[in-house]
Amino acid sequence: MLLEANFDIEQVGGTLEWRFSRKDGNGNPITGKYAGGIYYTVGEEMRVRVRAGSWHRLKSFKVLDCTLITIPQIIEIGPNSPTRHATPSPFVDNAHIDVKGASFNLPGQEFKPSEIQVPIPDYSELALQWGHHMTVGDGVGRWELSMVITVLVEMDDGTKHTRVFSFDPETQVGTGVVPPR
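Everything in the sequence shown is counted per our numbering, starting at 14 for the first residue and increasing by one.
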């Protein structure tokens with residue numbers, strides 16, 4: 014799966030436009046009970062790409078820091094049963110990243126230039142992709158997934174902008190919730 018986080022350096026707000034895509038097309042459903050969220054499968058690998066854009070010419074940009082935050086949601090609740098929450102994160106350690114809790118850093122220096130997938134005519138765009146991936150563990154559940162990223166963008170005229178952007182959709186692995194007993 015690929016998480017694409019997009020921003021226009023001249024946008025007033027700090028919200029990233031985000032998109033999840035994968036080969037089967039089911040990562041970011043727009044219909045059904047998972048609409049508006051991100052649906053992962055066990056063992057899936059997620060990569061991260063960030064795209065900067067402007068109607069003015071961009072010279073360069075770099076990721077200064079990038080943090081992913083996962084907030085576990087209730088997975089079981091009901092009379093005569095204990096309330097249970099999902100694990101701190103749907104992601105697990107792999108050779109590229111240690112996931113110790115609900116927040117982890119994707120080092121900015123590990124973001125490398127990437128091609129623009131579908132360029133917009135006359136719109137200046139640059140993309141960086143994290144050189145590794147995160148692995149979805151085998152714990153089912155629901156989480157709020159937030160991303161906070163600080164970027165430094167330099168325009169062709171030498172102007173530099175340091176901005177912070179974020180997003181926070183819901184994510185799910187498996188069915189996510191055990192019905193009350």
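We put the beta carbon where it would ideally sit given N, CA and C, even for glycine.
Residue from the options with nearest C-alpha to residue i
i      : options                         : result
Trp68  : Val177, Glu23 and Leu119        : Glu23
Val161 : Leu29, Ala140 and Asp21         : Leu29
Tyr136 : Lys173, Gly45 and Gly66         : Gly66
Arg70  : Leu139, Arg60, Gly114 and Val55 : Leu139
Arg155 : Arg60, Ser34 and Ala99          : Ala99
Ser34  : Met59, Lys46, Gly45 and Gly26   : Met59
Val55  : Lys46, Phe104 and Pro132        : Phe104
Secondary structure of residue i, DSSP reduced to three states
i      : result
Glu57  : coil
Glu123 : helix
Ala65  : strand
Ile51  : strand
Whole-angstrom distance between residue j and residue i, CA atom to CA atom
i      : j      : result
Asp106 : Met147 : 8 angstroms
Tyr52  : Val186 : 6 angstroms
Met168 : Gly50  : 34 angstroms
Pro92  : Val153 : 22 angstroms
Ile88  : Val76  : 34 angstroms
Val177 : Pro95  : 39 angstroms
Chain-order list of residues whose beta-carbon lies under 7 angstroms from that of residue i (same chain, five-residue window excluded)
i      : result
Glu57  : Met14 and Val149
Pro120 : none
Other residues of its chain near residue i: CB distance less than 8 angstroms, five sequence neighbours each side excluded
i     : result
Trp31 : Leu16, Glu17, Ala18, Asn19, Met160, Phe180 and Pro182
Sequence-distant residues of its chain with Cβ nearer than 6 angstroms to residue i (five each side left out)
i      : result
Val166 : Ile22, Ala65, Phe74 and His174
Gly144 : Glu123 and Lys125
Problem - Segments of 4+ residues assigned as alpha helix (DSSP H) that fall wholly inside the region 127-188 - result: Within the region 127-188, no complete alpha helix (DSSP H) run reaches 4 residues.
Problem - Ordered list of beta strand (DSSP E) runs contained in the region 77-121, each at least 3 residues - result: Annotation note: the region 77-121 contains the following uninterrupted beta strand (DSSP E) runs of length 3 or greater, listed N- to C-terminal: 87-91, 94-98 and 116-118.
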